[in-house]
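Chains as they are written, first to last, in our numbering: chain C, 652 to 1005; chain Z, 74 to 436.
Virtual Cβ for every residue (Gly too), placed ideally from N, Cα, C.
Treat the numbers as computed from the prediction; the structure is a model and nothing was measured.
Data first, discussion second: the structure below is written as structure tokens.
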Amino acid sequence: MTSQVLDTSTMKPQYPWKKSRPTVVIANSLIVVIPMSVYAFFFFFTDLPGALIFIAIFLPIQIAMAVIMTIVALGKRRVGDAVLSVLSVTAFSLVLALLGSVLLSVAARGLPAMRFSFLTQNNIYISPTTELTYGGVGHALLGTLTVVAIGTVIAVPLGIASAIYITDMKGRLAGFVRFIVQAMSGVPSIVAGLFILAAFILTDFVGFSALTGGLAYAILMLPTVARTSEEVLKLVPKELRDAATALGSSRARVIMRIVLPTAKAGIITAVILGVARVVGETAPLLLTTSNTNGTNLNPFKDPVSTIPVYIFQFLGSGYESSIQRAWGAAFVLMLVVGILFGLARVLSPKGKAR
Amino acid sequence: MGCLPIVNQEFLRIKPFSQTKVIRFLNDKNVVETQEITNKSHPEPIRLGREKSRTPSDKAFSGTIVIAALSSLAILVAILIYLASSSWPVLQKEGLDFITGSTWVNSSANPEEQTFQIWPMLYGTFLNSMLALVIAVPVSILLAIFIVFIAPDRLSRTLTVLVDVLAAIPSGIIGLWGFLVFTPVAEGWSKLLNQYFFLIPFFRNDQDQFARSPFIAGWVLAIMITPIITVVAREVLSQTPQELLDAARGLGGSLWGAVKFVALPHARGGIVGGVMLGLGRALGETIAIYFVLNLIFEKVNYFQILNPQGGAIASMIVAKFGEATPDEIRALLGAGLILFLMTLVVNLIANWIVARSVREKIA
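Okay, structure coming up:
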């Protein structure tokens, strides 16, 4: 008797409230299976194009099936749910298909161009028809690195200062500064390029160079860095600031010694996100750095090549091998962006800032 | 119980000092300056954040921060001034025709005949963006509803990441993909639309060419703005108060009912703002459009979205910049000015709407 009571190992938990509804399972499988088979039938046995079958046959049948099955299994009132589910799954599949198509085609067409020399060699002596074994994006990688570094050096202090002003100093203009930063995040990249062109290059202040490209990048990075660091600085506990102030620290000291070190990881994330935001921008660089085939290590003089502009250049020329080069460069760029975002995710405090 | 009144009576015999006496006493001793002593149990909180900086180094620090914080404003104003001043000769010469005319004649030999007018490009920008919105808005809202209300937790977290990935793809790569991978597919769709709906004027095509049309540009733009709209819509939809949703469900409403009557009205402002943000992005998109759209300067393609004719201000700037004469560059700067003003207005309205709706949610 006692052993029976204590022996719980053989007892299975019961969930009396959890009804197993075979009808729901059947309905769900039918909603997927029947339209799919109709689609397959039309696709394989008629000449109708896939898109047409999908819009004109698959989707209506699926919605109809969903409505019928819902009425049978759950009752009339859930018909709206069925239609909503079908439509939102369609939207989700569409977005997923487009995203998958972009990523897969970059990977599939970019990978064949990948070789060590592609990453290290530059573009001198390369014509649009040269085979892929010669030449590469080395000069463009270095150029991108230079331009991004200049942009970062300019934009990061300004962005962090804006964030400090908004969150820590809470000056009278805090709301206004946030408003302006938001307005700035909407500046089209081409306009940033045009501005640098008009202000620096057309006035003969400096020529096409990595410096002007970096200035254009800085304009685009600044709002991202400012907004992300603002989010991060808000996460610093108020008690820390109060404690530091109570111990007699000046405001500068509180910010430099307490707030910024506490938010260090988040601020690095902000910087990385800012870099990732701009590293693929083509338009401003076309107007500010121009392009070159050789390696240019002087950031203050002469045009420099960058990866986005490299893609632009080779896609424009239209030959088979140059288009392969464009895909290869796109793969490198995608890799760079992916690594940056991965870093940002890993470093961000508890996934709060993305 | 018995002894308590006695103690109280004892206490009552000792009269406390009046407030004025305390102040006089303190003044006499020069301990503190005269100040009002009130009966408030909680004094005013000291706002550390607003405290005036005292030491010179602190002042210098604050000043530096303020100047740096105002740099954004300085940059925006500088953009306006530089674009306006350097394009002024062209703007002055063309007047309002710069926006409404559709001639683009560039002859460096004969400067008198030069004319720079951008109406086809301006209208094309508008047309592309509208097409993009028509495609992206329903998809984004449905996707946001799916993420917030329908998908299981894990799937919705994955989807959120995927949407971020889509947002992170550089526009140059979208352009490359749009030109080489997507255009052949979308050409097929265009032919179908033309074949079955040619009676509708939108889908007429008087040239036997379906590539590089506003339709395809609209799709490419839609891909780029879908993540923007989805992120904002997801954010505001997920802020729908749980009590309201529970109440809707408790009253026997279906999910569709809860979405239609509770979540969507609640999130309307935020979604409109997100759509405007997407519009701002669509207006300024350059490289992707450059590859998938045939820019025509002399004629406006008002509604035939399958025709291989279109326009986009941002792409025009890239297309013309390569071999532009100095005067033409001034015209391009003018076009950039118009684009800048358009996106600025759209973005300011969008941010205002989003901020207002979020503030309402919190209040």
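- [ ] Show which residues of chain C have a CB atom less than 9 Å away from the CB atom of Z:S244.
- [x] Taking the second sequence and counting its residues from 1, the one referred to as residue 244 of chain Z is at position 171. Ordered by position in chain C, the residues that pass the 9 Å Cβ test against Z:S244 are S840, G931, E932, T933, A934, P959.
Task: Cα-Cα separation, C:G802 to C:A691 - done: Here residue 802 of chain C corresponds to residue number 151 of the first sequence, with the count starting at 1. Here residue 691 of chain C corresponds to residue number 40 of the first sequence, with the count starting at 1. C-alpha separation (whole angstroms): 52 Å.
Open item on the list: Rounded to the nearest angstrom, what separates Z:L99 and Z:A142 at their Cα positions?
Closed with: Here residue 99 of chain Z refers to the residue found at position 26 when the second sequence is read from its first residue. Here residue 142 of chain Z refers to the residue found at position 69 when the second sequence is read from its first residue. Caution is warranted here: a pLDDT of 49 is assigned to Z:L99, below 50, making its placement in the model unreliable, and the coordinate value is therefore given only provisionally. Straight-line Cα distance between these residues: approximately 46 Å.
Open item on the list: Classify C:Q964: buried if its beta carbon has 16 or more other beta carbons within 10 angstroms, exposed otherwise.
Closed with: Along the first sequence, read from residue 1 onward, the residue named residue 964 of chain C stands at position 313. Of the other Cβ atoms in all chains shown, 16 or more fall within 10 Å of the Cβ of C:Q964; this residue is therefore buried.
Task: Length-filtered (4 minimum) alpha helix (DSSP H) runs lying within the region 719-787 of chain C - done: Counting only runs of 4+ residues, the alpha helix (DSSP H) found wholly inside the region 719-787 of chain C occupies 730-761, 767-771, in chain order.
- [ ] Return yes when the Cβ of C:L845 is within less than 8 Å of the Cβ of Z:G197, no when it is not.
- [x] Counted from its first residue, the second sequence places residue 197 of chain Z at position 124. Counted from its first residue, the first sequence places residue 845 of chain C at position 194. It is not a contact, given that the beta carbons lie outside the stated cut-off.
Task: Cβ pair Z:I220, Z:S229 closer than 8 Å - done: As a first step, residue 220 of chain Z is located in the second sequence; it is residue number 147 there, counting from the start. As a first step, residue 229 of chain Z is located in the second sequence; it is residue number 156 there, counting from the start. Going by C-beta atoms, Z:I220 is nearer than 8 Å to Z:S229.
Task: Run of the alpha helix (DSSP H) containing Z:Y155, from where it starts to where it stops - done: The residue you call residue 155 of chain Z lines up with position 82 of the second sequence. Per DSSP, the continuous alpha helix (DSSP H) segment holding Z:Y155 begins and ends at 144-167.
Task: Under 7 Å from the C-beta of C:R728: neighbouring residues of chain Z - done: Indexing the first sequence from 1 puts residue 728 of chain C at position 77. Within chain Z, the residues near C:R728 are S327.
TODO: Report yes if the C-beta distance between C:S910 and C:R892 is below 8 Å; otherwise report no.
DONE: Against the first sequence, residue 910 of chain C aligns to sequence position 259. Against the first sequence, residue 892 of chain C aligns to sequence position 241. The identity of residue 910 of chain C in the sequence shown is Val, whereas the question assumes Ser. In contact: C:V910 and C:R892 (Cβ atoms closer than 8 Å).
Task: Residues in the region 296-330 of chain Z having any Cβ partner in chain C nearer than 9 Å - done: When CB distances to chain C are screened at a threshold of 9 Å, the residues of the region 296-330 of chain Z falling below it are I296, T299, P300, T303, G325, G326, S327, L328, W329, G330, in chain order.
Task: Minimum C-alpha distance to C:F743 - residue among Z:S130, Z:L153, Z:T231, Z:E186 - done: Position 92 of the first sequence, counted from the start, is the residue given in the question as residue 743 of chain C. Residue Z:T231 is the option with its Cα nearest to C:F743.
Open item on the list: I'd like to know if the region 714-729 of chain C and the region 678-687 of chain C are in contact, where contact means that at least 3 CB-CB pairs between them fall below 8 Å.
Closed with: Contact holds: three or more Cβ-Cβ distances are below 8 Å.
TODO: Compute the Euclidean distance between the alpha carbons of C:T943 and C:N949, then round it to the nearest angstrom.
DONE: Along the first sequence, read from residue 1 onward, the residue named residue 943 of chain C stands at position 292. Along the first sequence, read from residue 1 onward, the residue named residue 949 of chain C stands at position 298. If you take the alpha carbons of C:T943 and C:N949, they lie about 13 Å apart.
TODO: Select from C:V828, C:V746, C:V857, C:V988 the residue whose C-alpha is nearest the C-alpha of Z:I208.
DONE: Translated into positions along the second sequence, residue 208 of chain Z becomes position 135. Considering only alpha carbons, the answer is C:V746.
Task: Residue from Z:S144, Z:F252, Z:E167, Z:L200 with nearest C-alpha to C:G969 - done: As a first step, residue 969 of chain C is located in the first sequence; it is residue number 318 there, counting from the start. Closest option to C:G969, Cα to Cα, is Z:F252.
Open item on the list: Could you tell me which whole alpha helix (DSSP H) segments of length 4 or greater appear in the region 860-888 of chain C?
Closed with: You should have 861-885.
Open item on the list: Let me check one thing: in DSSP terms, what residues is Z:G323 bridge-paired to?
Closed with: To locate residue 323 of chain Z, count along the second sequence from 1; it is residue 250. Partner(s): none; Z:G323 has no beta bridge.
Open item on the list: I need the straight-line Cα distance from Z:P211 to Z:M203, nearest angstrom please.
Closed with: Here residue 211 of chain Z refers to the residue found at position 138 of the second sequence. Here residue 203 of chain Z refers to the residue found at position 130 of the second sequence. Roughly 13 Å between the two C-alpha positions.
Task: Beta-carbon gap between Z:L356 and Z:T299 smaller than 8 Å - done: Mapped onto the second sequence, residue 356 of chain Z falls at position 283. Mapped onto the second sequence, residue 299 of chain Z falls at position 226. Cβ atoms of Z:L356 and Z:T299: not closer than 8 Å.
TODO: Following the continuous alpha helix (DSSP H) through C:K952, name the residue where it begins and the one where it ends.
DONE: Here residue 952 of chain C refers to the residue found at position 301 of the first sequence. Segment: none, C:K952 is in no alpha helix (DSSP H) and carries neither H nor E.
- [ ] Would you mind reading off the limits of the alpha helix (DSSP H) that contains Z:Y269?
- [x] Here residue 269 of chain Z refers to the residue found at position 196 when the second sequence is read from its first residue. Going by DSSP, Z:Y269 is part of the alpha helix (DSSP H) stretching over 256-270.
Task: Residues of its chain near C:T913, where Cβ-Cβ distance is below 7 Å and the 5 sequence neighbours each way are ignored - done: Numbered from 1 along the first sequence, position 262 holds the residue referred to as residue 913 of chain C. Setting aside the 5 residues that flank it on each side, C:T913 is surrounded in the same chain by V887, L891, each with a C-beta closer than 7 Å to its C-beta; the list follows chain order.
- [ ] Let me know if C:T940 comes out buried or exposed under the rule of 16 or more other beta-carbons within 10 Å of its beta-carbon.
- [x] Here the question's residue 940 of chain C lines up with position 289 in the first sequence. Here C:T940 is buried: its Cβ has 16 or more other Cβ atoms, across all protein chains shown, within 10 Å.
- [ ] Could you run through the region 890-909 of chain C and flag, in chain order, every residue whose CB is less than 9 Å away from some CB of chain Z?
- [x] From the region 890-909 of chain C, only R892, D893, T896, A897, S901, R902, A903, R904, V905, I906, M907 have a Cβ closer than 9 Å to chain Z.
- [ ] Check the Cβ of Z:Y155 against every Cβ in chain C and list those closer than 7 Å, keeping chain order.
- [x] Locating residue 155 of chain Z in the second sequence gives position 82, where the first residue counts as 1. Per Cβ cutoff of 7 Å: F846, A849, A850.
Open item on the list: For chain C, check one thing: does any of its Cβ atoms lie closer than 8 Å to the Cβ of Z:S430?
Closed with: Within the second sequence, numbered from 1, the residue matching residue 430 of chain Z stands at position 357. Answer no: the Cβ-Cβ gap between Z:S430 and chain C never drops below 8 Å.
Task: Partner residues on chain D for Z:T128, Cβ-Cβ distance less than 9 Å - done: Protein chains in the displayed structure are C and Z, and chain D is not among them.
Task: Between the CA atoms of Z:V427 and Z:V335 - distance to the nearest angstrom - done: Taking the second sequence and counting its residues from 1, one reaches residue 335 of chain Z at position 262. Taking the second sequence and counting its residues from 1, one reaches residue 427 of chain Z at position 354. Taking the CA atoms as reference points, Z:V335 sits about 18 Å from Z:V427.
Open item on the list: Considering Cα atoms alone, identify which of C:M835, C:L750, C:K889, C:A980 is closest to Z:V234.
Closed with: The residue you call residue 234 of chain Z lines up with position 161 of the second sequence. Of C:M835, C:L750, C:K889, C:A980, the residue nearest in Cα terms is C:L750.
Open item on the list: Considering only their Cβ atoms, is the gap separating Z:L328 from Z:F255 smaller than 8 Å?
Closed with: Counting from one through the second sequence, the residue named residue 255 of chain Z turns up at place 182. Counting from one through the second sequence, the residue named residue 328 of chain Z turns up at place 255. Going by C-beta atoms, Z:F255 is not nearer than 8 Å to Z:L328.
Open item on the list: Closest to Z:G261 by C-alpha separation, out of Z:P399, Z:L379, Z:N420, Z:V236, would be which residue?
Closed with: Working through the second sequence from its first residue, we reach residue 261 of chain Z at position 188. Looking at the Cα atoms, Z:L379 is the closest of the given residues.
Task: Candidates C:V988, C:F951, C:A934, C:I974, of which the one nearest C:A927 by Cα - done: Residue mapping note: residue 927 of chain C aligns to position 276 of the first sequence, counting from 1. Comparing Cα-Cα distances from C:A927 to each of C:V988, C:F951, C:A934, C:I974, the minimum goes to C:V988.
Task: Cβ separation of C:G865 and C:I805, assumed to be a contact under 8 Å, to the nearest whole Å - done: For the purposes of this step, residue 865 of chain C is taken as residue 214 along the first sequence, with counting starting at 1. For the purposes of this step, residue 805 of chain C is taken as residue 154 along the first sequence, with counting starting at 1. Contact flag correct, Cβ pair sits at about 7 Å.
Task: Residue environment, Z:V178, which counts as buried when at least 16 other CB atoms sit within 10 Å - done: Walking along the second sequence from the start, residue 178 of chain Z turns up at place 105. The residue in question, Z:V178, is exposed, as its Cβ has fewer than 16 Cβ neighbours within 10 Å.
TODO: Report the three-state DSSP secondary structure of Z:F219 (helix, strand or coil).
DONE: Working through the second sequence from its first residue, we reach residue 219 of chain Z at position 146. Residue state, collapsed to three classes: helix.
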